[in-house]
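See below for the structure under consideration.
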Amino acid sequence: MPALGGLTLARVLHVHGIPSTVYEAESSPMARVQGGMLDIHDYNGQLAVEAAGLMDEFHGLILEGRQQLRLVDRDGTVLLDKADDGTGGRPEVQRGELRQILLDSLPAGTVRWGHKVSGTAVSSNIP
Ligand SMILES: Cc1cc2nc3c(=O)[nH]c(=O)nc-3n(C[C@H](O)[C@H](O)[C@H](O)COP(=O)(O)OP(=O)(O)OC[C@H]3O[C@@H](n4cnc5c(N)ncnc54)[C@H](O)[C@@H]3O)c2cc1C
C-alpha cells in the first residue's frame, strides 16, 4: 500500500536486492492531496529513511526554520525563544514530497495503482 510505510518497506527490500510489489487502492499518485507537514524524528522516521538509502534526498526536502520554538505567557511576554539552528531532531518535510522521493527510488511498475487488496496468504515456499 503505497503510502510512506509500504513504499519505505519496498525501498528497503529493493536496496537489499529483494523485489516486491506494492498494491494501492487509489487509482493514481494524483488521486488525492497527500496532506501537510510531517516531523521526521531522528529516533524512528530518519532511521527508516537511512535504511532506505535516501538521506541525501531527504535533506533536500527539509524546510528550514520549522523547528523554531517560542513560548509566550498570556500577556504575550516571550518566555522562551529558541531558533532553528539545524540541530533539532525532528525536521519537517512535506508529506507528498517525501512520498515522491520514495516513488522515484523504486523500479518502474513496483506500485500497482488501483489494486485493492482483499486478502493475504502466507507462502510456505519461502526458504
Ligand atoms: C494529522 C496527522 C499528522 C501526523 N504527523 C506525523 C508527523 O509529524 N510525523 C510522523 O512521523 N507521522 C505523522 N503522522 C503519522 C503518519 O501519517 C503515519 O504514521 C503514516 O502515514 C503511516 O503510513 P502508512 O503507509 O502505514 O499508512 P497510510 O499513510 O495510512 O497509507 C495507507 C495506504 O494504503 C492504502 N490502502 C488502504 N486499504 C487498502 C487496500 N485494501 N488495498 C490497497 N491499498 C489500500 C491507502 O489508500 C493508503 O495509500 C501523522 C498522522 C496524522 C493523521
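Per the numbering used here, residue 1 is the first one in the sequence shown, and the count goes up by one each step. No residue lacks a Cβ here, since even glycine has one placed at the ideal position from N, Cα and C. Computed from a prediction, not measured in an experiment: that's the story for all the values here.
Between the region 5-21 and the region 102-110 there are three or more C-beta pairs closer than 8 Å, enough to call the two in contact.
In this structure, the straight-line span from the alpha carbon of Gln34 to that of Thr77 is close to 37 Å. For Gly6, the closest alpha carbon among the candidates Ala121, Ser123, Gln100 is that of Gln100. The Cβ neighbour count for Arg74, taken over all protein chains shown within 10 Å, is under 16; the residue is labelled exposed. Residue range 92-94 is occupied by the beta strand (DSSP E) that includes Gln94. Apart from the 5 residues on each side of it in sequence, Leu71 sits with its Cβ closer than 6 Å to the Cβ of Leu79, Leu80 in its chain, given in chain order.
Taking 9 Å as the cut-off, the beta carbon of Gly114 is found closer than this to the beta carbon of Ser28.
In the three-state reduction of the DSSP assignment, Leu106 falls in the coil class.
The beta carbon of Ile62 sits closer than 8 Å to the beta carbons of Pro91, Glu92, Val93 from its chain, once the five residues preceding and following it are set aside; these are given in chain order. When the beta-carbon positions are compared, Leu54 and Ser105 come within less than 9 Å of each other.
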